[in-house]
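A short write-up of the structure that comes next.
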Amino acid sequence: MSVASSIKRATMATPPPEKRKIICEGIFAINKPQWSSSAGLLRDLQEHFSRSSLFEPWLESTRRSMMLSNSKPKHIKNLKVKLGHGGTLDPMATGVLIIGVGKGTKCLQRFLECTKTYECVVLFGAATDSYDAVGKVVSKAGYEHVTKELVEEKLAQFRGKIMQKPSVFSALKVDGKKMYEYAREGKDIPDVAARPVEVEELELVEWLEPGSHDFAWPNGEVDGEEMEGAEKLLGIRKEDAKAHASNRGRKRSRSPENDHVEGVGQQPKIPRTDREPAMSGALPAPDASTENTVAPAHDASVRKDASETTVEPSLPKKDPPVTSVEQAETTAPGTSPPAFTRTPSPPAARLRMTVTSGFYVRSLCHDLGLACSSLGLMSSLIRSRQGDYTLGDNVLEAADLDKPQKWEPQLQKQLAEFMEKEGWKVEEVEDDEDWESRKKEAMEQRREGDEGLKATLCLVRVHTSTYSYYSPKAWVE
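Going by the UniProt record's numbering, the sequence shown opens with residue 1, and the numbers climb by one from there.
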């Protein structure tokens with residue numbers, strides 16, 4: 001009888017005395033939601049599994065083993081299902097996250113080494129310190145020349161076996177410390193050589209013309225002493241950095257709520273009053289000579305729940321109010337042209353790729369922007385496949401966790417299939433009578449062992465005391 005059949009029979013509605021308690025372990029996959037960390041999702045799963053009848057046998061069997069090994073009562077009481085993941089996903093990313101249950105956690109290494117398929121969106125014209133839309137803008141560059149044909153041409157150099165330099169915000173360890181720890185602490189980041197990776201497939205699946213999408217650059221910008229080092233570290237061209245500096249003004253406050261989040265949709269616009277700036281997101285000029293210069297906005301819309309106060313360049317009082325980037329560019333007489341002639345929003349490209357272990361999608365987005373003589377950042381990331389697990393096929397949805405009647409049968413099937421594939425023997429929780437007998441025997445052995453240990457300790461104490469009394473060293477003292 002197969003493992004799947006055994007588990008199915010054990011979980012069917014039968015009288016309690018005859019019900020078999022099958023221990024479910026192995027590997028499954030879940031669709032990680034956006035802005036949830038991989039570790040945070042594991043904690044959520046543990047909470048749901050602790051209340052699930054599917055994992056009652058695993059918890060009961062593990063508690064009994066802990067009792068026999070003389071574990072602390074508080075550890076036994078607070079036991080949760082053992083989980084691990086096979087390859088972390090960034091909080092902003094969604095998609096396949098491999099999860100190991102019980103002894104399945106020992107099989108996770110193979111999923112770190114398997115191929116993966118990703119779908120991402122590259123937004124051109126800006127670079128951030130983290131290579132994605134969550135970081136701070138380091139520099140901006142022109143993007144009017146970036147076309148679908150140019151991107152398709154440049155993608156060719158990223159296919160096959162290539163050398164890739166990891167992002168400074170990667171989890172790669174240097175001298176025993178993760179690179180993102182160096183970056184977040186503001187310390188000097190050790191130079192890391194490019195590493196060999198392989199891109200089995202890479203294609204442009206959708207070209208997003210300027211103004212046809214909602215992706216936008218982050219509001220926050222790297223400022224002060226961090227700027228020069230970041231530009232050098234990220235490979236920013238001097239001419240782009242110089243042009244960006246000419247358009248930069250005071251540092252603006254930044255909060256995660258005001259960064260772009262895919263799927264939010266277009267936000268309502270608020271008409272400008274006489275005291276309000278011409279448009280949200282515009283960068284003020286650095287001095288009085290360019291006071292009337294209006295730089296294009298990151299996003300022409302204004303969020304009603306914005307909490308920060310931005311410093312914007314004001315227009316002459318005689319000019320009528322403007323509420324969009326287009327109006328600002330056509331109704332501001334006497335203004336000098338910006339460093340870059342920008343359209344309402346930069347172009348973007350949706351890419352799909354199949355890569356080997358060690359590949360960083362955000363690094364590809366950054367490098368592709370440079371290859372196109374512009375800049376680029378990752379605005380969206382979906383892991384659609386990892387190993388044999390594919391979205392829409394054999395991956396659980398995190399949104400269904402509150403519906404155990406829906407996810408429990410799916411998860412039971414996945415674990416049963418993995419156990420059968422691995423050739424694992426079906427394990428059951430022993431019945432209460434056998435357990436009580438084994439526990440009694442173990443307790444008696446422990447009691448005898450404790451008495452023997454006490455006797456041994458007493459002899460050691462007597463021997464130590466006698467040795468100290470008759471020792472010449474003791475006499476001298």
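We put the CB at the ideal spot given by N, CA and C, even for glycine.
None of the values given here were measured: they were computed from a predicted structure.
| message | Would L112 and G87 be called neighbours here (beta carbons separated by less than 8 angstroms)? | response | yes
| request: May I have the straight-line CA-CA distance separating V261 from L381, to the nearest angstrom? | output: Reliability fails at V261, whose pLDDT of 35 lies under 50, so the model's placement of it is uncertain and no value is given.
| request: Going by DSSP, name the residue or residues bridged to S139. | output: A127
| In or out: Q414 buried (at least 16 other Cβ within 10 Å) or exposed? | buried
| message | With DSSP as the reference, identify every bridge partner of Q164, one or two as the case may be. | response | R195
| query | Could you give the residue range of the alpha helix (DSSP H) that holds A416? | reply | 404-422
| Are G160 and V199 close, meaning C-beta to C-beta below 8 angstroms? | yes
| Candidates L83, I99, H366, D223, of which the one nearest L155 by Cα | H366
| CB residue 478 to CB A193, shorter than 8 angstroms? | Summary: the structure shown does not reach residue 478, with the chain confined to residues 1 through 477, and so no result is reported for it.
| field | Segment limits, beta strand (DSSP E) that includes A29 | value | 26-32
| said: Rounded to the nearest angstrom, what separates K82 and E47 at their Cα positions? | reply: 11 angstroms
| query | At what residues does the beta strand (DSSP E) containing T62 begin and finish? | reply | Careful: T62 lies outside any beta strand (DSSP E), inside the alpha helix (DSSP H) at 56-68.
| Would you call the CB atoms of R63 and L45 closer than 8 angstroms? | no
| request: Report yes if the C-beta distance between C114 and Q386 is below 8 angstroms; otherwise report no. | output: yes
| In terms of residue numbering, what span does the alpha helix (DSSP H) encompassing I76 cover? | 73-77
| field | Bridge-paired residues (DSSP) for L353 | value | One detail in the question is off: residue 353 reads as Met in this sequence, not Leu. Answer by DSSP bridge pairing, in chain order: Y118, L202.
| message | What does the alpha-carbon distance come out to for the pair L54 and Y118? | response | 32 angstroms
| field | Sequence-distant residues of the same chain with beta carbon closer than 6 angstroms to A371, five excluded per side | value | K154
| request: Check the C-beta distance from M378 over to V355 and give it rounded, since I have them as a contact under 8 angstroms. | output: Not quite, the Cβ-Cβ distance comes to about 14 angstroms (not below 8 angstroms), so this is no contact.
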